[in-house]
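Here the sequence shown stands for residues 115 to 410, numbered as in our numbering.
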Amino acid sequence: MSIYNKNGIKIKNCDCCDLIESIETESVSLIITSPPYCMQKAYEDLDADLETFENANKKILKRCIRILKKGGSLCWQVGYHVKNSIVVPLDIIIYNIVNKLNETLPPGEKLLLRNRIIWTFGHGLHSENRFSGRHETILRFTKGLNNTFNLDCVRVPQKYPGKTYFKGKKKGQISGNPLGKNPSDVRDIPNVKSNHVEKTIHPCQFPEALVQRLILALTNEGDLVFDPYSGSGTTAVACYLNGRNFIGSELNKDYYDVSINRVESAFSGTLKIREDCPVMIPDPKSKVARKPDYFK
Numbered sequence: 115m116s117i118y119n120k121n122g123i124k125i126k127n128c129d130c131c132d133l134i135e136s137i138e139t140e141s142v143s144l145i146i147t148s149p150p151y152c153m154q155k156a157y158e159d160l161d162a163d164l165e166t167f168e169n170a171n172k173k174i175l176k177r178c179i180r181i182l183k184k185g186g187s188l189c190w191q192v193g194y195h196v197k198n199s200i201v202v203p204l205d206i207i208i209y210n211i212v213n214k215l216n217e218t219l220p221p222g223e224k225l226l227l228r229n230r231i232i233w234t235f236g237h238g239l240h241s242e243n244r245f246s247g248r249h250e251t252i253l254r255f256t257k258g259l260n261n262t263f264n265l266d267c268v269r270v271p272q273k274y275p276g277k278t279y280f281k282g283k284k285k286g287q288i289s290g291n292p293l294g295k296n297p298s299d300v301r302d303i304p305n306v307k308s309n310h311v312e313k314t315i316h317p318c319q320f321p322e323a324l325v326q327r328l329i330l331a332l333t334n335e336g337d338l339v340f341d342p343y344s345g346s347g348t349t350a351v352a353c354y355l356n357g358r359n360f361i362g363s364e365l366n367k368d369y370y371d372v373s374i375n376r377v378e379s380a381f382s383g384t385l386k387i388r389e390d391c392p393v394m395i396p397d398p399k400s401k402v403a404r405k406p407d408y409f410k
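Following this line, the structure appears as structure tokens:
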């Protein structure tokens, strides 16, 4: 078993369930991952199916509850299982698994669904007999009602930054928050395709911007973040760049090696990433936001 441990970033080349057994109870502030969809990807068993997906996620989610702090968040990113053009939304399966697990937990330890975040992206495979899929879903649960949520760390520019109240006691005053607006539960972030600056050999790579926003909003500096399916090391990199500690596991040795290389590049300042750029930016002249050049 290969183990990497440097600058608060720890990654093991192992099965995620084995790693979880070594993590202290209620020591993790954020668990964020995207499990295999069981659609015969390069890193999956050829006989994997929906039943495989459900059983694997029951096993890992049960273990994740133990290590998650009260007030911590669990973010499970999934898309669709597609076979013979029949689509099954995997977030429904995850939601049902969590609800079943909650039946065995005391009130303060139940996982409560706080957000169903839609990640939309502009590129992907084109379908011929259905609309092409251009979004996936992140289910955000918290362990109990009280939770960390740093909204000011992830605000985005107002669409109408000069907008004012038109009546009442505040007439003429700026109506929006001067720090920006809530980015909402819909994220327009390009996915990692062939010409993306972050692209590696991993076929289903997280963009850094998607993970970074969750890390900033749901944790504080120095907190521990866990990714059971760490893949190309996206979460590890985002944690290092934002002052968080990280522990993760990756079973595939090739992807594990890629993740170590990316983390080392982050340490040296040579890693290329696409910044979390807003879809709309303010225009001081017209007081109406416009699309930035990189979205044209």
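By construction, the Cβ of each residue, glycine as well, lies at the ideal position given by its N, Cα and C atoms.
By Cβ distance, which residues of its chain are closer than 8 angstroms to residue i, with the 5 residues on each side in sequence left out?
{"i": "Thr349", "result": "Ile146, Thr147, Phe320, Val325, Ile329, Val339, Asp341, Phe360 and Gly362"}
{"i": "Lys183", "result": "Glu140, Ser141, Val142, Ser143 and Lys257"}
{"i": "Gly294", "result": "Arg269, Val270, Pro271 and Gln272"}
{"i": "Gly357", "result": "Glu335 and Gly336"}
{"i": "Asp368", "result": "Ile315"}
{"i": "Pro297", "result": "Val268, Arg269, Val270 and Arg327"}
Within 8 angstroms of any Cβ in chain D, is that where the Cβ of residue i sits?
{"i": "Arg230", "result": "In the displayed structure, chain D is absent; only one protein chain is listed."}
Buried or exposed: residue i, going by 16 or more other Cβ atoms within 10 Å of its Cβ?
{"i": "Met115", "result": "exposed"}
{"i": "Arg254", "result": "buried"}
{"i": "His316", "result": "buried"}
{"i": "Gln191", "result": "buried"}
{"i": "Pro292", "result": "exposed"}
{"i": "Asn171", "result": "buried"}
{"i": "Leu239", "result": "exposed"}
{"i": "Gly282", "result": "exposed"}
{"i": "Gly345", "result": "buried"}
{"i": "Gly383", "result": "exposed"}
{"i": "Thr218", "result": "exposed"}
{"i": "Ser246", "result": "exposed"}
{"i": "Glu242", "result": "exposed"}
{"i": "Asn119", "result": "exposed"}
{"i": "Trp233", "result": "buried"}
Would you give the residue range spanned by the alpha helix (DSSP H) that residue i belongs to?
{"i": "Phe381", "result": "Lys367 to Ser382"}
{"i": "Cys189", "result": "Element bounds for Cys189: not the alpha helix (DSSP H) but the beta strand (DSSP E), Leu182 to Val192."}
{"i": "Tyr118", "result": "Run containing Tyr118: none in the alpha helix (DSSP H); it sits in the beta strand (DSSP E), Ile117 to Lys120."}
{"i": "Val268", "result": "From DSSP, Val268 is part of no alpha helix (DSSP H); its letter is neither H nor E."}
{"i": "Ile207", "result": "Leu204 to Asn216"}
{"i": "Ile134", "result": "Cys130 to Ile134"}
{"i": "Ile329", "result": "Glu322 to Leu332"}
{"i": "Leu355", "result": "Thr348 to Leu355"}
Do residue j and residue i come within 8 angstroms of each other at the CB atom, strictly closer than that value?
{"i": "Ile134", "j": "Ile181", "result": "yes"}
{"i": "Tyr343", "j": "Pro149", "result": "yes"}
{"i": "Ala331", "j": "Leu225", "result": "no"}
{"i": "Arg230", "j": "Asp299", "result": "yes"}
{"i": "Leu365", "j": "Arg376", "result": "no"}
{"i": "Ser199", "j": "Arg248", "result": "no"}
{"i": "Ser187", "j": "Asn260", "result": "no"}
Which same chain residues end up closer than 6 angstroms to residue i when comparing Cβ atoms and leaving out the 5 residues on each side of it in sequence?
{"i": "Lys126", "result": "Ile117, Leu133 and Ser363"}
{"i": "Ala352", "result": "Glu322, Val325, Gln326 and Ile329"}
{"i": "Tyr408", "result": "Confidence is the limiting factor: at Tyr408 the pLDDT is only 42, short of 50, which leaves the residue's position unreliable and the question unanswerable from this model."}
{"i": "Lys313", "result": "Val306"}
{"i": "Cys189", "result": "Ile146, Ile252, Arg254 and Leu328"}
{"i": "His237", "result": "Lys307"}
{"i": "Asp205", "result": "Val192, Thr251 and Leu253"}
{"i": "Ile387", "result": "Glu312 and Glu322"}
{"i": "Lys124", "result": "Ile361"}
{"i": "Lys197", "result": "none"}
{"i": "Val73", "result": "Residue 73 is absent from the structure shown; the chain starts at 115 and stops at 410."}
{"i": "Lys285", "result": "Tyr279"}
{"i": "Ser379", "result": "Leu385"}
{"i": "Arg228", "result": "Arg254 and Thr256"}
Assuming residue i contacts residue j under a Cβ cut-off of 8 angstroms, what Cβ separation, rounded to an integer in Å, is found between them?
{"i": "Leu215", "j": "Ile252", "result": "That belief does not hold up - the Cβ atoms of Leu215 and Ile252 are roughly 19 angstroms apart, past 8 angstroms."}
{"i": "Ser308", "j": "Gly347", "result": "Incorrect: roughly 19 angstroms between the Cβ atoms, too far for contact."}
{"i": "Ile174", "j": "Cys130", "result": "6 angstroms"}
{"i": "Asn121", "j": "Tyr354", "result": "6 angstroms"}
{"i": "His304", "j": "Phe381", "result": "Looking at the sequence provided, one finds Pro at residue 304 rather than His. Actually they do not touch by this definition, with Cβ atoms about 25 angstroms apart."}
Along the beta strand (DSSP E) that carries residue i, what are the first and last residues, could you check?
{"i": "Asp302", "result": "Val300 to Asp302"}
{"i": "Arg223", "result": "Residue identity check: residue 223 is Glu in the sequence provided, not Arg. Careful: Glu223 lies outside any beta strand (DSSP E) and carries neither H nor E."}
{"i": "Ile146", "result": "Val142 to Thr147"}
{"i": "Asp341", "result": "Leu338 to Asp341"}
{"i": "Thr256", "result": "His249 to Lys257"}
{"i": "Ile361", "result": "Asn359 to Ser363"}
{"i": "Ile125", "result": "Ile123 to Lys126"}
Spatial neighbours of residue i within its chain, please: C-beta separation below 7 angstroms, excluding the five flanking residues on both sides.
{"i": "Gly222", "result": "Lys184 and Gly258"}
{"i": "Gln287", "result": "Thr278 and Tyr279"}
{"i": "Ile208", "result": "Asn171, Trp190, Val192 and Leu253"}
{"i": "Lys176", "result": "Leu215"}
{"i": "Asp390", "result": "Ala323, Gln326 and Arg327"}
{"i": "Cys267", "result": "Leu330 and Ala331"}
{"i": "Thr333", "result": "Ser143, Leu144, Thr262, Val339 and Arg358"}
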